[in-house]
Amino acid sequence: MDRHLDDGGPEDWERALGTSQDRTRGIGSRALDYAARLGGLETPAAGSAVPKQVQRTGADMIRLITEEEVQSPQERKAARERARRREAEDESDDEEELQYGDGIIVDDWDTSTFTKKELELSCEALLEQIMGTDHPKRRQLSLRMLRKLLKRHANVHGYLALALESLVNKGFPVMLRNWSVDVFRLSFLFDGLADFFGELMTNLNIVPRIAKAMVRELDLAARVVQRRYRIYRERCRPAWAGVPFDVRMRRKLVQNMDLEDCNKKWRRMHSMAFGGVLPVDVTQAYLRLLGQLTDKDVVSTGYRENRLELAQSSGLIRVLLCLRDHQYRFLALRVLANLSKQSATLAELLKGSVGFTLCDCLHDADDAVLSRTLEVLDSIAQKAAIYSDVNSPETLESEISLN
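Plus 21 on top of the position in the sequence shown (first one is 1) and you've got the numbering used here.
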């Protein structure tokens, strides 16, 4: 049976090969001969299936054309396994390089021939690494390289000083929906640059922003409770005599809208990736930053204002709460040690029952924590004694109690 039905039959060279059946048999026999010549494939017996020879024929033809080996499914699977092992080894090598060679990289980085434009581009690249990477070692290495640029080049100091205000605004957004993991990474940048830009950060009013960020969840929870209590109190109160009905309804509507707004903010906060709670490393970075900004050796002129702003804000509550957690305790004690050196903060510390909280820290087994706790207690006692010498003892009898 010929396949040419509408064009006059097969060609002359096809007729020379025989009928359609003969030509078909010839194609099969030539394929088997070709497979046998490639490497040890035996010609199957009559009537037997040849699935392996058939499925490798095309691959062998492609290999001959492209001069590349075409892998079987088993070979491809083994190749993927080898690639995954190499990738894991590369990641471990990168980790070892960051742990062992970061000091070598920073020390050997020669920037003496950099132009002003190259220095600015280097700063931008390092800032992107600090704010964009999830790798702690890579972020730490980028910060060390940025600090090296600041120590060696005055142009870098001026460039970062101009960019610091926008970075602070980005690192402490006003709207809750703008808080994200990328924002939290800026806390590590501020912590690493506080000794260079402590005065500028003070002028940018960063201490109240840190305090507000640390107590955001506590503050919102208190607002929700307050709104609910006010609505409950209004419902329990008898009808106001002489107050028109529409006035009472408008007041109730405003209270319900205020409560619903707080509830939406609370749900939005806890639906975020970080669950509304500051990560541990971010809280530690904030505490280190507060410790530097309230230190006289870091901020020579504005440390008094920073201490007073922190003591009078709700951030002091968060610092005192950090004393109860061992992973924050030493950092919080540094902040309290700086606050206790100023007489103006004494009343705020005593109102926060700092004495009782510090006494709980005396049971800590860490010698460094115990030494810092005794230092803070001694400083508060000295300030209280000086204050009691110039004021009536009766006014302080109920406030000063450190045991």
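Don't be surprised by glycine CBs; every beta carbon is placed ideally from N, CA and C.
Since the structure is predicted, the reported quantities are computational estimates derived from the model, not experimental observations.
Exercise. So, is Lys191 buried or exposed, given that buried needs 16 or more other C-beta atoms within 10 angstroms?
Worked result: exposed
> Given Asn359, which residues of its chain have a CB within under 7 Å of its CB, disregarding the five upstream and five downstream residues?
Replying inline: Gly312, Thr315, Asp316, Arg328
Requested in this report: Could you tell me if Lys137 is buried or exposed, where buried requires 16 or more neighbouring beta carbons within 10 angstroms of its beta carbon?
Outcome: exposed
TODO: Just confirm the distance between the C-beta atoms of Leu13 and Val177, as a whole number of angstroms; I'd bet it's less than 8 Å.
DONE: Missing from the structure shown is residue 13; the chain here goes from 22 to 424 and no further.
When you compare each of Glu281, Lys273, Tyr324, Val340 to Tyr307 by their alpha carbons, which one comes out closest?
-> Val340
Discussion item. Beta-carbon within less than 8 Å of Asn284's beta-carbon, same chain only, minus the 5 sequence neighbours each way: which residues are those?
Written reply: Val245
Stretch-stretch touch, CB-based, cutoff 8 Å, three pairs: the stretch 357 to 372 with the stretch 383 to 399:
Using a C-beta cut-off of 8 Å, the stretch 357 to 372 makes contact with the stretch 383 to 399, since at least three inter-stretch Cβ pairs fall below that distance.
Label Gln247 either buried or exposed according to how many other C-beta atoms from any shown protein chain fall within 10 Å of its C-beta, with 16 as the threshold for buried.
exposed
Can you name, in chain order, every residue of its own chain whose Cβ lies under 8 Å from the Cβ of Ala294, other than the five neighbours on each side? Ser201, Val202
Opening and closing residue of the alpha helix (DSSP H) in which Asn176 lies | 175 to 192
Taking the alpha-carbon positions, what's the Arg160 to Lys273 distance? Across the structure, Arg160 and Lys273 are spaced so that their CA atoms are roughly 51 Å apart.
Please classify Phe377: is it buried, with 16 or more other beta-carbons within 10 angstroms of its beta-carbon, or exposed? exposed
Q | Selected residue, minimal CA-CA separation from Arg165, among Ala175, Cys144, Asp155, Ser187 | A | Of the residues Ala175, Cys144, Asp155, Ser187, the one whose Cα lies closest to the Cα of Arg165 is Cys144.
Exercise for the section: Determine, using beta-carbon pairs with one atom in the stretch 214 to 224 and one in the stretch 252 to 271, whether at least three such pairs fall under 8 Å. Expected result: no
Practice task
Classify Cys343 as buried or exposed, calling it buried when 16 or more other Cβ atoms lie within 10 Å of its own Cβ.
Solution key: buried
For Phe135, which of helix, strand or coil comes out of DSSP? coil
Legend entry - Rounded C-alpha distance that separates Pro265 from Arg251: 20 Å
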